[in-house]
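Residue numbers (full-length UniProt numbering): 1 to 616.
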């Protein structure tokens, strides 16, 4: 009977323990892992192995991506520069050489001729009033000839012929439009005679009168630009030959430019040193000029302006030699621009100090001829223009001294007359350019010539201004972007994306590790306060409302629930021993749950003790 009561009591206690375990989220299989199904245990083992594996893989992958991105950041710019440097030299058969030798980009030359609207008042000593007529637009066709390389391919010799084809669709009017301008023959001859004796001046004056030459002439634009035959010039040619001089057969601003063979050049190809690509070595067989007054002014620096060495920076000064003004100039960075919203370019312009007079910029003193320095904004090039009184400036005397602008009417100088070069910084190629110059003649007063007697002072009179421009077409710009810039940009995006993903993965791995360590720390910290005894098939827990839920796999001891046999008869000792064998000893776990020692025995424990005592 006693054994039956004990079995009933144990069954009832197990049921009560199960109810409490379910309410705490604990299952019987958690209290005794031997009851867990094999599949569930396999999943638990796999999960335990998978968690550290995933942590290691995530961290390793993140570190790998970071290393790859750092390598790309460090190595790819050098690879990109190396590819550019190897493809830029003017080597026979290369893409750069083909583009240089036969440029496909259309180049236009536009002219505006200054028309004198008050010629009579001007000849009487009044202020000349001007208006510019144009543009007269011509499309250039450049043909290079005599192209030769030296033995190692580092130097290239060539000459260039330029043909100008009139484009009526891009012009204001036809070439036969009449323009009132200065008489080139009259101004040139009187300039030659200004330091001659009175005898030669009288002869020259008679020649001008016999040919009915006046200071102002009216001619078609085509003749003013490309030349015309002058009867006086034809008459003077025998006299010039006797004096050992040579006169041109035609007069015109560009009489010897259309289709004629240009001056010979020697340039560096960039082979062996791409930083000297396009650098001019000689012009007309000379490695330096001869007509200026200082060695610095006579230097031939830079390229011809068609290309520059690659890898241009914003702080660079771009040097170029212009045969139109017989000197070297330099350009400074002015800002970033976009070509057809496709290719980013650096814009370079001629700085204001380059046009200053010798007082404001002493380095320009070398460009003063015969000890006479002009004011800011005007350059005397008569020394390389066969002695003709030709002066160059920017259109409408932009950035020139006020005296040149005030002496004339009808001018409107502004920044739109700047010379600009838009350079692709990686390759140094000029993808958009506009060279703007003004051609002037100096008219000097003279009492020996009737039309010069009323002038008060030397007048710098503009004849024409030009705009030579070129721009890469949208299709070619897109090809350049797709072939050069897009691969570079793609690699840049990939390398930074890899770096970001790598840091993200490493951050996630470290974050997960931190959460895991925190959870373990909190579990260890809460363990001693919630330790319970859950052992075997018998589990006794206090039914007190203050009891904590049983953690999975934890052991809880409650001394208030301990079952103690107090048999006083020897014959009853075996029954107590059997009961003690079936029930866990309260005293064995008393030290682990000292905080619950004061809790009273519950009803079922008291019943068990009573039954055991009765059996004894």
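Glycine included, every Cβ here is placed at the ideal spot set by N, Cα and C.
A residue is called buried once 16 or more other Cβ atoms fall within 10 Å of its Cβ, and residue 75, having fewer, is exposed. For residue 294, the CB contacts under 6 Å within the same chain, skipping 5 residues up- and downstream, are 366 in chain order. For residue 63 against residue 506, the beta-carbon gap comes to about 6 Å, under 8 Å, which counts as contact. Rounded to whole angstroms, residue 441 and residue 270 show a C-alpha spacing of 40 Å. Between the stretch 166-179 and the stretch 200-207, the count of Cβ pairs shorter than 8 Å is below three; the stretches do not touch. Of the residues 276, 394 and 314, the one whose Cα lies closest to the Cα of residue 304 is 276. For residue 134, the uninterrupted beta strand (DSSP E) segment begins and ends at 130-149.
Residue range 155-166 is occupied by the beta strand (DSSP E) that includes residue 160. Look at residue 481 here: in three-state DSSP terms it is helix. For residue 121, the uninterrupted alpha helix (DSSP H) run begins and ends at 119-123, by DSSP.
Distance between residue 411 and residue 79, taken at the CA atoms: about 52 Å. Leaving aside the five residues that flank residue 161 on each side, the residues in its chain whose CB is nearer than 7 Å to its CB run, in chain order, 143, 145, 259, 260, 261 and 262.
A check of alpha carbon separations from residue 422 across 509, 123, 352 and 346 identifies 346 as the nearest. By the CB criterion at 8 Å, residue 309 and residue 274 fall inside the cutoff. Residue 206: member of the alpha helix (DSSP H) spanning 198-210, first to last residue. Distance check between residue 71 and each of 521, 522 and 499 places 499 closest, using alpha-carbon atoms only. Across the structure, residue 283 and residue 496 are spaced so that their CA atoms are roughly 49 Å apart. Taking the Cβ atoms as the reference, residue 357 lies roughly 5 Å from residue 375, within the contact range of under 8 Å.
For residue 317, the closest of 114, 301 and 324 by C-alpha to C-alpha distance is 301. In the structure shown, the three-state DSSP call for residue 64 is helix. Non-local beta-carbon contacts of residue 59 in its own chain, meaning distances under 7 Å to residues more than five positions away in sequence, involve 506 and 509 in chain order. Under the three-state reduction of DSSP, residue 373 is assigned to coil, being neither helix nor strand.
The three-state secondary structure of residue 88, taken from DSSP, is coil. A distance below 6 Å between beta-carbons, with the five flanking residues on each side excluded, links residue 249 to no residue of its chain. In the three-state reduction of the DSSP assignment, residue 308 falls in the coil class. Counted as a single uninterrupted DSSP element, the stretch harbouring residue 489 is not any beta strand (DSSP E) but the alpha helix (DSSP H) occupying residues 486-526. Nearest Cα to residue 196 within the set 448, 165 and 474: 448. Within the same chain, and ignoring the five residues on either side of residue 172 in sequence, the residues whose Cβ sits closer than 8 Å to its Cβ are 133, 134, 135 and 136.
In the DSSP assignment, residue 216 forms a beta bridge with 182. Take the alpha-carbon of residue 266 and the one of residue 359: they are about 35 Å apart.
In this structure, the CA atom of residue 315 is about 34 Å from the CA atom of residue 139. Beyond the five residues adjoining it in sequence on each side, residue 252 comes within less than 8 Å, by CB distance, of 184, 223, 224, 225, 226, 227 and 228 in the same chain, given in chain order.
In the same chain as residue 471, and ignoring 5 residues on each side of it, the C-beta atoms closer than 6 Å to its own belong to 432, in chain order. If one requires a minimum length of 3 residues, the beta strand (DSSP E) runs lying completely within the stretch 297-355 are 318-322, 327-339 and 343-349, in chain order. Taking a C-beta distance under 8 Å as the contact criterion, residue 461 and residue 182 qualify as a contact pair.
The three-state secondary structure of residue 449, taken from DSSP, is coil.
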